[in-house]
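According to this note's numbering, the residues represented by the sequence shown are 198 to 380, in order.
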Amino acid sequence: MINIFLFWFIFVGEILLGFALLISLFSPSRRVWPPPGKKTWQFYYIWILTYLSLIGLIFLGFLDWNSFILDLLVLRVIGGIIFVVGIYILIWGMRTLSLHLSHGLKGELITNGPYKFSRNPQYIGINLAILGYIFITNSFLSLITGVFGIFLFFLTPFVEEPWLKELLGSKYEEYCKKVRRFF
Numbered sequence: 198m199i200n201i202f203l204f205w206f207i208f209v210g211e212i213l214l215g216f217a218l219l220i221s222l223f224s225p226s227r228r229v230w231p232p233p234g235k236k237t238w239q240f241y242y243i244w245i246l247t248y249l250s251l252i253g254l255i256f257l258g259f260l261d262w263n264s265f266i267l268d269l270l271v272l273r274v275i276g277g278i279i280f281v282v283g284i285y286i287l288i289w290g291m292r293t294l295s296l297h298l299s300h301g302l303k304g305e306l307i308t309n310g311p312y313k314f315s316r317n318p319q320y321i322g323i324n325l326a327i328l329g330y331i332f333i334t335n336s337f338l339s340l341i342t343g344v345f346g347i348f349l350f351f352l353t354p355f356v357e358e359p360w361l362k363e364l365l366g367s368k369y370e371e372y373c374k375k376v377r378r379f380f
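Put into structure tokens, the structure is as follows:
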């Protein structure tokens, strides 16, 4: 029963995050992401929902463990490898960019480290980690919330890019010409 409650808690959080991203994408003057500053309601809205959803996904995977049809050791091993690679890329991106910039706050353009290969290595990393976790847990409920979370992290760069172009100008536009959005 608690896994169903947790599923809906995560899913509603993801829907609220999705609305915030869509508002930011289609009405930049009302943007929620990236937040205008650290001590703003937008900052707290995005990060509280994001952290609660990700932590909730971890617990949901354990509570709903092995509820799906893919109970194969090989998939768990592959999932573990994907998860570890994803976490490595995520941490590498965060260490290179800094926690301040990773939280969507203003700063300088970073083009070294993983940002030489992708404009969004942190999103690649978190998406790989979520995908790997889905395989590890073999949880149907984690599959649903995880795939929706992956979609949100895939959508986020499209929301950020107009803001980054406005903030960083021609330096960012040149960077976009040289480095791909994802791979």
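Every residue gets a Cβ at the ideal spot worked out from N, C-alpha and C, and that includes glycine.
Helix, strand or coil: which one does DSSP assign to residue i?
i, result
"H300", "coil"
"L338", "helix"
"I371", "A quick correction: the sequence has Glu, not Ile, at residue 371. Helix at E371."
"R228", "coil"
"F355", "helix"
"K236", "coil"
"G276", "helix"
"F204", "helix"
"G366", "coil"
"R377", "coil"
"T293", "helix"
"N317", "coil"
"I324", "In the sequence on display, residue 324 carries Asn and not Ile. Reduced to three states, the DSSP call for N324 is helix."
"S221", "helix"
"W244", "helix"
Please classify residue i as buried or exposed, where buried requires at least 16 other C-beta atoms within 10 Å of its C-beta.
i, result
"E211", "buried"
"L254", "buried"
"F223", "exposed"
"F280", "buried"
"L214", "buried"
"R228", "buried"
"S336", "buried"
"I245", "exposed"
"Y241", "exposed"
"W230", "buried"
"G366", "exposed"
"S221", "buried"
From the options, pick the residue whose C-alpha is nearest to that of residue i; which is it?
i, options, result
"Q239", "G310, G329, L254, H300", "H300"
"N200", "W262, K236, S226, L222", "W262"
"I347", "M198, V356, V229, G322", "G322"
"L257", "F202, F314, T237, G290", "F202"
"L364", "F355, L302, Y330, T308", "L302"
"L218", "T247, G277, M198, F204", "T247"
"Y320", "L340, I331, I284, I307", "I284"
"V356", "K374, K235, N317, I288", "N317"
"K313", "I220, C373, F216", "C373"
"N309", "H297, I220, W360, M291", "M291"
"T353", "I307, F379, L294, V274", "F379"
"V376", "F351, W205, L270, I307", "I307"
"P311", "E305, N324, L294, L298", "L294"
"L325", "L260, W205, M198, V282", "V282"
I think residue i touches residue j, with their Cβ atoms under 8 Å apart; what is that distance to the nearest whole Å?
i, j, result
"L338", "S264", "7 Å"
"G343", "I333", "No, G343 and I333 are not in contact; Cβ-Cβ is about 11 Å, not under 8 Å."
"I207", "S250", "5 Å"
Any beta carbon of chain D sitting closer than 8 Å to that of residue i?
i, result
"L298", "Although the question refers to chain D, the structure presented lacks it and comprises just one protein chain."
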